[in-house]
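Inspection log for the structure reproduced underneath, given as structure tokens.
Protein chains: 2
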Amino acid sequence: MTGSYTLVETEARVSHRLSHMTLDFEAMAVTHNLFRAASAVRNHLERNVLSESGLSWTAFLVLWVTWIWEPVETRVVALESGISKATLTGVLSTLEKLEYAVRTRSPDDGRRVLVTLTDKGRDLMEDLFPAFNLQEVDLVSHVPVESRTELATMLRQLISYTEEA
Amino acid sequence: MTGSYTLVETEARVSHRLSHMTLDFEAMAVTHNLFRAASAVRNHLERNVLSESGLSWTAFLVLWVTWIWEPVETRVVALESGISKATLTGVLSTLEKLEYAVRTRSPDDGRRVLVTLTDKGRDLMEDLFPAFNLQEVDLVSHVPVESRTELATMLRQLISYTEEA
DNA sequence: TTGAGATTGTTCGGGTACGAATAATATACA
DNA sequence: TGTATATTATTCGTACCCGAACAATCTCAA
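As you go down the protein sequences, you meet chains A and B in turn.
Start counting the first sequence at 1; every next residue gets the next number (the numbering used here).
Start counting the second sequence at 1; every next residue gets the next number (the numbering used here).
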């Protein structure tokens, strides 16, 4: 916290810089906090849970999606993980090198590639996932219990906008 | 949206995989949606506002922080932007190459480096920022007006946890 | 005043991250 | 049957992203 500016300081300063513009500060605060929260939470989880197993956030996410849906097409993994297929190609190569996942050509359609976990990958997730969830519980501890569902709902409303054609 | 699984489908599948574990699904939904929202919103803004000026999300963020606080130490810029100082070094080099910002050695302390915008950089922000905010307004349009402040507040509560020693 | 310890920005190595171009495969229609 | 069109995963080029190691600079006590 040391050295960082408060929300009030920032808003005062922004108003000063932008006094001649018409702006929606509430919308600004939402997106701003959304990114601060996402990157803060991500860094926290990477340091406290993932670093021990040498997994990046994205690698874990891909592993998780595969764990839930395997065997699953890479197209779906990319979509569910929120990354591009170009990025996924690299991450899958990493996971194959670490022997957590394998690629298989689809028998029905030669263009498609299916992803599955190795036994080693499944073992890892069995260990990692509960530890991960424990940290998630800690993270939301400052948000009142009765508001958490609403928070998840509002976040989904943000997602739904970007999914419109 | 095509091809992606719904929340209900995912939760059903996760429960099946994890029936023998004790998990907090609400905490899971919050972090999961937090990241989906952040990456969706980020990609949306990069495509609809930033791509025209050849700026990445992070480059814009750094430019924005500098615009508000200049002249400002790189240490503070990194903190406020939520990136590491190693990353900032690269981004600042990009911004200097594009002639949007400049580095200056601090006269008081030889270790410190101060960042300021060029006139070109300030002109860019004068144009870009209102366009950016317009998109932000669109993005929160699916979240009821009366809930937006609360959303921003809850996101700050998430941030506050990670800031504890 | 000198030297141990702290602070700061950069470099380095490895892993994401994206859009655009590409190659391989499948589909549709003539 | 063949050929245009569509869909898929990969490659390519460039930029971001971090922790760790590093060199430069400052601080402060002996």
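Here a beta-carbon is modelled for each residue, glycine too, at the ideal position from N, C-alpha and C.
Please read all numbers here as calculations on a predicted model, not as lab measurements.
Specify the secondary structure class of residue i as computed by DSSP and reduced to three states.
{"i": "E70 (chain B)", "result": "coil"}
{"i": "R42 (chain A)", "result": "helix"}
{"i": "R111 (chain A)", "result": "coil"}
{"i": "V102 (chain B)", "result": "strand"}
{"i": "T22 (chain B)", "result": "coil"}
Please report the distance separating the alpha-carbon of residue i from that of residue j.
{"i": "H142 (chain A)", "j": "Q157 (chain B)", "result": "6 Å"}
{"i": "L88 (chain A)", "j": "N43 (chain B)", "result": "16 Å"}
{"i": "L63 (chain B)", "j": "S160 (chain A)", "result": "29 Å"}
{"i": "M1 (chain A)", "j": "A78 (chain A)", "result": "The predicted position of M1 (chain A) is uncertain, since its pLDDT is 38 and thus under 50; a value taken from the coordinates is nonetheless stated next. Looking at the two C-alpha atoms, the distance is approximately 35 Å."}
{"i": "L98 (chain B)", "j": "Q135 (chain B)", "result": "24 Å"}
{"i": "L151 (chain B)", "j": "A37 (chain A)", "result": "12 Å"}
{"i": "R111 (chain B)", "j": "V72 (chain B)", "result": "14 Å"}
{"i": "G54 (chain B)", "j": "L45 (chain A)", "result": "31 Å"}
{"i": "T94 (chain B)", "j": "T118 (chain B)", "result": "14 Å"}
{"i": "L124 (chain B)", "j": "A59 (chain A)", "result": "36 Å"}
{"i": "H16 (chain B)", "j": "V65 (chain B)", "result": "45 Å"}
{"i": "E11 (chain A)", "j": "L18 (chain B)", "result": "44 Å"}
Could you check if residue i belongs to the surroundings of the ligand SAH, using beta carbon to heavy atom distance under 6 Å?
{"i": "S56 (chain B)", "result": "With respect to the ligand SAH, the structure offers nothing, as it holds no ligand at all."}
Going by Cα to Cα distance, which pick from the options is closest to residue i?
{"i": "F132 (chain B)", "options": "B:W57, B:S39 and B:L34", "result": "B:W57"}
{"i": "P107 (chain A)", "options": "A:A101, A:V115 and A:Y100", "result": "A:V115"}
{"i": "L139 (chain A)", "options": "B:V14, B:R13 and B:L34", "result": "B:L34"}
{"i": "E70 (chain B)", "options": "A:R13, A:T104, A:A40 and A:R47", "result": "A:R13"}
{"i": "S84 (chain A)", "options": "B:S147, B:A29, B:E150 and B:A40", "result": "B:A40"}
{"i": "F129 (chain B)", "options": "A:L23, A:Y5 and A:T10", "result": "A:L23"}
{"i": "A27 (chain B)", "options": "A:T153, A:R148 and A:F60", "result": "A:R148"}
{"i": "E80 (chain A)", "options": "B:L50, B:E52, B:R105 and B:H32", "result": "B:H32"}
{"i": "D109 (chain A)", "options": "A:G82, A:T74 and A:A101", "result": "A:T74"}
{"i": "W67 (chain B)", "options": "B:R122, B:E11 and B:T10", "result": "B:R122"}
{"i": "Y100 (chain B)", "options": "B:M154, B:E9, B:V137 and B:L61", "result": "B:L61"}
{"i": "E52 (chain B)", "options": "B:V137, B:M154 and B:D127", "result": "B:D127"}
{"i": "P144 (chain B)", "options": "A:L155, A:L50, A:V137 and A:V145", "result": "A:L155"}
I need the boundaries of the alpha helix (DSSP H) containing residue i, first residue and last residue.
{"i": "V121 (chain A)", "result": "Note that residue 121 (chain A) is Gly in the sequence shown, not Val. Counting along the chain, the alpha helix (DSSP H) containing G121 (chain A) begins and ends at D119 to L139."}
{"i": "T87 (chain B)", "result": "K85 to K97"}
Under 8 Å, CB to CB, which of the residues in the segment 126-140 of chain B have a partner in chain A? F129, P130, N133, E136, V137, D138, L139 and V140
At a Cβ cut of 7 Å, what residues of the segment 76-90 of chain A count as close to chain B, listed as they run along the chain? V76, L79, E80 and G82
When Cβ atoms are compared, which residues of the segment 27-47 of chain B fall closer than 9 Å to chain A? A27, M28, A29, V30, T31, H32, N33, L34, F35, R36, A37, A38, S39, A40, V41, R42, N43, H44 and L45
Near-chain B residues of the segment 63-76 of chain A - C-beta to any C-beta below 8 Å: Along the segment 63-76 of chain A, going in chain order, the ones with a CB nearer than 8 Å to a CB of chain B are W67, I68, W69, R75 and V76.
Name the residues in the segment 142-157 of chain B whose C-beta lies less than 9 Å from a C-beta of chain A; which are they? H142, V143, P144, V145, S147, R148, T149, E150, L151, A152, T153, M154, L155, R156 and Q157
Mind checking the segment 95-117 of chain B against chain A and listing, in chain order, the residues whose C-beta falls within less than 7 Å of any C-beta there? none
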